[in-house]
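Data block below; observations after.
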Amino acid sequence: MALTITYSEASSNLPAYLDNWIDNFEYRGTGNFNAVKNTTDQWYAGTRIVGGVDNDKSSVIVSGDDFSYTPGVIDGTVTNLTLGSNLAYVAPTDLWVQDAGLSIGFSGATLTPAFDAAITDLSQNGSLNGLYGYFAEQGTVQTGTAGDDVMLSFGGNDSFTGGLGNDTLVFADGWANDVVLDFYAAAGDFDVLDLQGVTNISNYVDLFFNHSNWWDQSNVLTITDGANSIQLDGYVGTDMLGLILDGHFTV
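Per UniProt numbering, the very first residue in the sequence shown carries number 1; after that it's consecutive.
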């Protein structure tokens, strides 16, 4: 079981989106709780817009059917956490809304102290490090857009479905054990694994001979740094050389 991360056009380049979100999150505090009339509960943090004019300031909303909040602790059932901007209150529906950028679903995840630490770090420090820690604890199932995406591996077991477009998947030390479900190698659907952040892989020769099962004619193609792994579904080990020569890896 894992968190689901659904990319949007706004967050299709996830590393850049997250950096921009941090840069524009000016709120500092414990956030606020909103028990929406007869529907759902919300916790939110951010700089609300004034007079209906967008401020482009980052915000976050946690939604769930039934949860409670005391500063630093959420108890109950959470359905999603959404990063966005332009936080606003809609009185007729008693809902806080925003321009959504990245949606994180909780149907396959468990609320743990790591999540409480994540929302505290986020709202009080303007940092996503706690959220990354929660991603690492729970693992993620990531779904990209129909266009070009830059997807990001976290420190847990992640799976990736990039969809159409030229997708780049970025990995760094300690990424755990990940699976790429739809790695494409065609014009317009040309996917790349970016391994520049993996210190144990020094060059393409090293990648091929020491960090892949290049000799394997039957088992799924697997890249490893000795402690972590990436499986490319739909490929076997002997496909590795062709993928390197065609430019599907950067190291």
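The C-beta atom is built at its ideal place from N, Cα and C for all residues, glycine as well.
- Closest in C-alpha terms to A2, from the list D94, G155 and Y27, comes G155.
- Residue state for Y17 is assigned as helix, using DSSP reduced to three classes.
- For P15, the closest C-alpha among the options L102, T238 and N86 is that of L102.
- Proximity of the stretch 217-229 to the stretch 176-183 meets the contact definition, three or more beta-carbon pairs being nearer than 8 Å.
- The stretch 92-141 is shown to contain whole beta strand (DSSP E) runs of 3 or more residues at 95-105, in chain order.
- For M151, the enclosing beta strand (DSSP E) stretches over residues V150 to L152.
- Runs of the beta strand (DSSP E) lying entirely within the stretch 171-209 and spanning at least 3 residues, in chain order: 177-180 and 192-197.
- Taking C-beta atoms as the reference points, V60 and Q42 fail to come closer than 8 Å.
- Secondary-structure assignment with DSSP links G76 through a beta bridge to F67.
- The shortest CA-to-CA distance from G247 to any of N213, D167 and A172 is the one to D167.
- In the DSSP assignment, I230 falls within the beta strand (DSSP E) that extends over S229 to V236.
- Burial of D194 is indicated by the presence of at least 16 other C-beta atoms within 10 angstroms of its C-beta.
- By the Cβ criterion, the stretch 101-115 is in contact with the stretch 3-11, since at least three pairs of Cβ atoms, one from each stretch, lie closer than 8 Å.
- The three-state secondary structure of L164, taken from DSSP, is coil.
- For G46, the three-state secondary structure derived from DSSP is strand.
- Between S127 and T30, the CB-CB gap reaches or exceeds 8 Å.
- Of the residues V251, V205, V97 and N129, the one whose Cα lies closest to the Cα of L241 is V205.
- For the options Q142, G139, A227 and Y132, the alpha carbon positioned closest to that of G174 is the one of A227.
- With respect to S58, F25 sits close: the two C-beta atoms are nearer than 8 Å.
- Under the DSSP definition of a beta bridge, N157 lacks any partner.
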